[in-house]
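FYI, in mature numbering (1 follows the signal peptide of the UniProt record, and there is no 0) the residues of the sequence shown are -24 to -1, 1 to 888. This report concerns only the one structure given below.
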Amino acid sequence: MFSKWNWSVKAVWTLLSICIHTFGVSDGLVKLCGYIIPESPVLLAGSNFTAFCDISDCMYDNINASQIFWKTKNVVVPKEQYNVINKTFSSVTFNDTSTLVSPLTCNILARGNIERNIYGINIRLGFPPEKPKNLSCVVIQTQRDFNRTCTWDPGRPTLLKTNYSLKSRWPTFKFPDCIPTQTNNSCTISEVNFYVTLELWVEAENELGKVESDHIEFAPEHHVKPLPPHKLFLNSGEFSTVLKLSWEDQFNESTMKLKYKIKYKTIDSIDWIQVPPEDTASPRSSFIIQELRPNTKYMFKVCCAVKNYSGYWSNWSEEVVGFTAEDKPSKGPAVWRKISTVNSSRNWTLVLIWKELSNSEANGIILRYEVSIAGRPPLLFPTEFYIVNTTQLSLNVQNGTYEVRVAAYNKVGKSPSSVLLIPAINSKGSVKNVAAFPKDGKLRVNWTAPKEPVDKYIIEWCEQCNNLTCVTEWQQEPGTKQGAFLKGNIKPHKCYTITVHPLYANGQGEGRSTQAYLQQGVPASGPTVRTKKVGKSEAILEWKPLSMEEQNGFIQYYTITYKTMTGNETVVNVDPSRTEYALSSLSSDTLYMVQMSAYTEKGGKSGPAFTFTTNKFGEGEIEAIVVPVCLGFLLFTLFGVLFCFHKRDIIKKHIWPNVPDPSKSVIAQWSPQITSKNFNSKEHIYPEGSFTDVSVVEIEADDKNSLPDQDLKHFDLPKKEKNASEGHSSGIGGSSCMSSPRQSVSDSDEGEPVQNTSSTVQYSTVVPSGYRDQIPSVQVFSRSESTQPLLDLEERPEDQQLLGTENLTLRQRYFKQNGNWDDRVNDGPHLENRKQISPINEEDTAGHQASQMCGSGTERDEQGVTLAGVFHPSPEGPALQIETMRINTMTDEEIPKSYLPQTVRQGGYMPQ
């Protein structure tokens, strides 16, 4: 039973401990069985502090002071700071209370390791009040009355509640304290008594201490701050440099006088100009301000204070604005010129330009300008005057020296004239070292002055652009300066060309120029690159420079990046003055990608990518291959021709064998047997006829020797008929029906050697007169004089036999028709010999007749005429003359086997 109760008590104590640790301890914390000394102290921050815990009422549970441990909020204080005094007292010491955190609790670890809170206190840290300083009071005028307001410096914060009070007294009377309501450094009293001196001080107090300020004496009339004047008014009057300012006061103490301050400025200025205080020390209600600028807008303010006392100045009054009256312009406009010599170098287009006067210079509204121009010797140019209401004048004058004057007019009068001397030649010295750079958000130009004294400088500038529409601006500076800020509208990222001209009293110098940017940027775009020339291992790239609008700054350098589809990237830097670059050490027949970038001091911009392919062969490689091959071929051809020329005899022997010349034959000496007396000369033999066919007469050497002359005549005629037939069947340019053209075939006896092969001689059949299908009255044969080489033909034996049979059959047919067939030929040895040469065959005869019936129409016509003369006798009888020749015996190599038939005209032959 006791055990259960013990556990219940422990649970209650545990809950109380948790509540104490969770919610903290405040003043009047419920006592359990002990307490802490001191109770809820207020401590000076940074001082030493010792707390004692008494547990004498807790001894029933066998608890002693050695079991006590301390906590600041939830943090256990180190045991080194503990001190056990006896069984019921324990203390803790803090050497620096600036880090002490409230609450501070005394705790015991009971049996079962249960933490038990004995007692806790709150600790407040702070500082005692410091002595107030700088106590001062002022009497402020309001719309109804005066208030006294005193202020002081309370010093550092105390971290504790501190009470301040303003105390005042006469020598024999103490006034009620003034307690600040909103702040601890100011207090206002609504009751003010002038001409009474008070004693004032401030008292401060909190739980750590009490202190008061120094005592001061205060006379209210010496510390008055009046209200500012009001109802200000400006009057310009008739004077252009004077304004009269008037006002009304709000101070109503007649026993005290006021003094004033006045300041003013132009409406466009930020600097105020104050009237000297001694000029406004006397009491007044108005003031005249002089030396102002004519026709200028001014702003004025006024404030006041009590005279003869070191009081406070009032606030400034509200501004009042007014204009001064107009006056004639104070100076002439700045003049400059532009000279153009487009039409002729002897004549000028002179454009005079001048600046508008500022308000401070115009002193009113400018109504017009008067311009005069006079030529200086040697020009005889009279002075001319022009009245214009614009700021420029264009004139056409001769090249020379002129003096120009410009004056401005307003409603009051005329300004002084501005003079500009325009020399024919700039013969004076020019400035040096012209430089421009940005400074303080403006573009400044500096230069070095020439040695001669300069009257003034003209600074020209224009924005660089590609469309040629940029306006030139200018300004005039005194001759004593060597630098100036440009006064125009200077834009960032735009390039300006700036020129400085020195003007002298008797001439001017040449201008010197420079370029500058107020602010540079990244280029708007990169260069577009392309190939100018591509080789095997090199390529020349070219590009156009960026326009002025695209540069946005000075181009410092270009970069060219190129790579293959699988290779590494290569980057090269290029000077900005160049427009092309040669890439080297490239691979042949390879695709490259190129990209170019332009860089200013602010960064770079890349252009579009470009691809190209290198050549497979380098320059001259193809020529190095083709030229040697062609030269070799030409040399080979030349050597071949020389070799053929050197071996021409051998080549001629194999290709063109030697042909006997018929002109050297005996037959060339024969004459035909003419029965008619009309054929006494060669001209009569070939009157108007034409050669129509070629015949071949075959002569067998052996047979001719064995036969009589009469038989030889009859034997040779059929051979000629045979040859004529062959000429018809296989003449020049013709063709047979079923066989190719064939050469004349030599007859040979069976069983005889090849050496006995008969020779052939080419002949022509001549038709002196007559027409197609008519039989000529006389048939004349002539030797062919053709020099065409003979073609060598390998004759087959069967062809020779066939041709021999055809020859014999033709002979028999001819002699039978003409009734001249000699039976002796059949019975004698000659017949036998002929049979041996070529036996008659009916099939051969039929084939020969069929071959005569085939062929083209033209050939049949020509053949018909020829055969008509050969096989059909004329009415007068056979008048056919046959010329024979003796053929010398030759070898097979020397004698050709056949001739090509020749087509013959009167008087000669046509080579085929």
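In this text, a Cβ means the ideal position worked out from N, Cα and C, and glycines have one as well.
Inset, instruction - Ignore the nearest five residues each way along the sequence and tell me which others in Arg862's own chain have a CB closer than 6 Å to its CB. - result: Working through the sequence shown from its first residue, we reach residue 862 at position 886. At Arg862 the pLDDT is 36, less than 50, meaning the model places this residue with poor confidence; the figure from the coordinates comes in the next sentence. Contacts found: Val642.
Legend entry - Euclidean distance between Cα positions of Leu559 and Ile398: As a position in the sequence shown, residue 559 is number 583, starting the count at 1. As a position in the sequence shown, residue 398 is number 422, starting the count at 1. Using only the alpha carbons, I get a separation of about 54 Å.
Inset, instruction - For Gln454, name the three-state secondary structure that DSSP assigns. - result: For the purposes of this step, residue 454 is taken as residue 478 along the sequence shown, with counting starting at 1. The sequence shown places Pro at residue 454, not Gln. Here Pro454 sits in strand by DSSP.
Legend entry - Given Cys280 as reference, the closest of Glu599, Arg92, Asn291, Thr540 once Cα atoms are compared: Stepping through the sequence shown from its first residue, residue 280 is reached at position 304. Out of Glu599, Arg92, Asn291, Thr540, Asn291 has the C-alpha closest to the C-alpha of Cys280.
Inset, instruction - Just list the alpha helix (DSSP H) runs in the region 20 to 86, keeping only unbroken ones of 4 residues or longer that don't cross its boundaries, in chain order. - result: Runs found: none.
Legend entry - Span of the beta strand (DSSP E) around Thr164: As a working note, residue 164 is residue 188 in the sequence shown. Unbroken beta strand (DSSP E) run through Thr164: 162 to 165.
Inset, instruction - Please classify Cys126: is it buried, with 16 or more other beta-carbons within 10 angstroms of its beta-carbon, or exposed? - result: Here the question's residue 126 lines up with position 150 in the sequence shown. Buried, because 16 or more other Cβ atoms sit within 10 Å of the Cβ of Cys126.
Legend entry - Spatial neighbours of Val52 in its chain, beta-carbon cut-off 8 Å, leaving aside the 5 residues before and after: One-based indexing of the sequence shown puts residue 52 at position 76. Within the same chain, Phe45, Trp46 come within 8 Å of Val52 by CB-CB distance, once the 5 residues on both sides are set aside.
Legend entry - C-alpha distance - Pro14 paired with Pro147, whole-angstrom precision: Position 38 of the sequence shown holds residue 14. Position 171 of the sequence shown holds residue 147. When rounded, the distance between both Cα atoms is 45 Å.
Legend entry - Pair within 8 Å by beta-carbon distance, Thr566 and Thr589: In the sequence shown, counting from the first residue as 1, residue 566 sits at position 590. In the sequence shown, counting from the first residue as 1, residue 589 sits at position 613. When the beta-carbon positions are compared, Thr566 and Thr589 come within less than 8 Å of each other.
Legend entry - Any non-hydrogen atom of the ligand NAD closer than 7 Å to Leu419 Cβ: Questions concerning the ligand NAD fall outside what the structure shown contains, since it holds no ligand whatsoever.
Legend entry - Touching by the beta-carbon criterion (3+ pairs, under 8 Å), the region 207 to 214 and the region 284 to 300: Judged by Cβ distances under 8 Å, the region 207 to 214 makes contact with the region 284 to 300, as three or more pairs qualify.
Legend entry - Distance between Gly608 and Thr576 (C-alpha atoms, nearest Å): What you label residue 576 is simply residue 600 of the sequence shown in a count that begins at 1. What you label residue 608 is simply residue 632 of the sequence shown in a count that begins at 1. If I take the Cα positions, the gap works out to 60 Å.
Inset, instruction - Leaving out five residues on either side along the sequence, give the residues of the same chain with a beta carbon under 8 Å from the beta carbon of Lys592. - result: Here the question's residue 592 lines up with position 616 in the sequence shown. Counting only Cβ-Cβ distances below 8 Å, and skipping sequence neighbours, we find Lys512, Ser564, Asp565.
Legend entry - Buried or exposed by the 16-neighbour rule on C-beta atoms within 10 Å, applied to Glu302: Position 326 of the sequence shown holds residue 302. Under the 10 Å beta carbon count, Glu302 is surrounded by 16 or more other beta carbons and is classified as buried.
Legend entry - Continuous alpha helix (DSSP H) stretch holding Leu610: start and end: In the sequence shown, residue 610 corresponds to position 634, counting from 1. In the DSSP annotation of this structure, the continuous segment of the alpha helix (DSSP H) that includes Leu610 starts and ends at 597 to 622.
Inset, instruction - Would you mind giving the Cβ-Cβ distance between Lys241 and Met275, rounded to the nearest angstrom? I have them listed as a contact below 8 Å. - result: On the sequence shown, position 265 is the one that residue 241 refers to. On the sequence shown, position 299 is the one that residue 275 refers to. Distance from Lys241 to Met275 at the Cβ level is roughly 6 Å; contact confirmed, criterion being Cβ atoms closer than 8 Å.
Legend entry - Span of the beta strand (DSSP E), counted from its first residue to its last, around Ser391: On the sequence shown, residue 391 is found 415 positions in, with the first residue counted as 1. Careful: Ser391 lies outside any beta strand (DSSP E) and carries neither H nor E.
Inset, instruction - Going by CA-CA distance only, name the one from Thr504, Asn528, Lys314, Leu369 that's closest to Glu518. - result: Position 542 of the sequence shown, counted from the start, is the residue given in the question as residue 518. When only C-alpha atoms are compared, the closest one is Thr504.
Inset, instruction - With Ala558 as the anchor, note down where its beta strand (DSSP E) starts and where it stops. - result: Position 582 of the sequence shown holds residue 558. The continuous beta strand (DSSP E) containing Ala558 extends over residues 556 to 559.
Legend entry - Identity of the residue in Asn482, Asp416, Val430 nearest Phe461 by Cα: In the sequence shown, counting from the first residue as 1, residue 461 sits at position 485. Distances from the CA of Phe461 to each of Asn482, Asp416, Val430 were compared; the closest alpha carbon is that of Asp416.
Legend entry - Cα-Cα separation, Arg322 to Tyr345: By 1-based counting over the sequence shown, the position of residue 322 is 346. By 1-based counting over the sequence shown, the position of residue 345 is 369. Whole-angstrom Cα-Cα distance: 29 Å.
Inset, instruction - Can you say whether His622 is buried or exposed, counting buried as having 16 or more other CB atoms within 10 angstroms of its CB? - result: Translated into positions along the sequence shown, residue 622 becomes position 646. By the neighbour-count criterion, in which 16 or more other beta carbons inside 10 Å mark a residue as buried, His622 falls on the exposed side.
Legend entry - Endpoints, the beta strand (DSSP E) within which Asn409 is located: Locating residue 409 in the sequence shown gives position 433, where the first residue counts as 1. Segment 408 to 415, the beta strand (DSSP E) holding Asn409.
Legend entry - Pick from Phe227, Cys113, Asn182, Ser222 that is closest to Pro202, judged by C-alpha positions: Indexing the sequence shown from 1 puts residue 202 at position 226. When only C-alpha atoms are compared, the closest one is Phe227.
Inset, instruction - Report back the beta-carbon spacing between Ile12 and Cys82 to the nearest angstrom; my notes put them in contact at under 8 Å. - result: Position 36 of the sequence shown, counted from the first residue, corresponds to residue 12. Position 106 of the sequence shown, counted from the first residue, corresponds to residue 82. Correct: roughly 6 Å between the Cβ atoms.
Legend entry - Thr272 and Ser336 closer than 8 Å at C-beta: Against the sequence shown, residue 272 aligns to sequence position 296. Against the sequence shown, residue 336 aligns to sequence position 360. It is a contact, given that the beta carbons lie within the stated cut-off.
Legend entry - Beta-carbon spacing of Ile435, Gln458 below 8 Å: For the purposes of this step, residue 435 is taken as the residue at position 459 of the sequence shown. For the purposes of this step, residue 458 is taken as the residue at position 482 of the sequence shown. When the beta-carbon positions are compared, Ile435 and Gln458 stay at least 8 Å from each other.
Inset, instruction - For the beta strand (DSSP E) holding Asn98, just list the boundary residues, first then last. - result: What you label residue 98 is simply residue 122 of the sequence shown in a count that begins at 1. In the DSSP assignment, Asn98 falls outside any beta strand (DSSP E) and carries neither an H nor an E.
Inset, instruction - Take the Cβ of Lys384 as the centre, count every other Cβ of all protein chains shown within 10 Å, and call the residue buried at 16 or more, exposed below. - result: One-based indexing of the sequence shown puts residue 384 at position 408. Just to set this straight, residue 384 is Ala in the shown sequence, not Lys. So Ala384 ends up on the buried side.
Inset, instruction - Work out the CA separation of Glu595 and Tyr634 for me, nearest whole Å. - result: Here residue 634 refers to the residue found at position 658 when the sequence shown is read from its first residue. Here residue 595 refers to the residue found at position 619 when the sequence shown is read from its first residue. Looking at the sequence provided, one finds Asn at residue 634 rather than Tyr. Whole-angstrom Cα-Cα distance: 56 Å.
Legend entry - The alpha helix (DSSP H) enclosing Ser262, as first and last residue numbers: Position 286 of the sequence shown, counted from the start, is the residue given in the question as residue 262. Ser262 -> not in any alpha helix (DSSP H); beta strand (DSSP E) instead, spanning 262 to 265.
Legend entry - Beta-carbon gap between Lys143 and Asp153 smaller than 8 Å: The residue you call residue 143 lines up with position 167 of the sequence shown. The residue you call residue 153 lines up with position 177 of the sequence shown. In contact: Lys143 and Asp153 (Cβ atoms closer than 8 Å).
Inset, instruction - Compute the Euclidean distance between the alpha carbons of Leu355 and Ser370, then round it to the nearest angstrom. - result: Walking along the sequence shown from the start, residue 355 turns up at place 379. Walking along the sequence shown from the start, residue 370 turns up at place 394. Spanning the two alpha carbons is a distance of roughly 19 Å.
Legend entry - Simplified DSSP assignment, three categories, for Lys314: In the sequence shown, residue 314 corresponds to position 338, counting from 1. The answer is strand: DSSP assigns Lys314 an E or B state.
Inset, instruction - For my contact list, residue 889 and Phe103 are in at a C-beta cut-off of 8 Å; report their separation, rounded to the angstrom. - result: As displayed, the chain neither begins before -24 nor continues past 888, which places residue 889 out of reach and without an answer.
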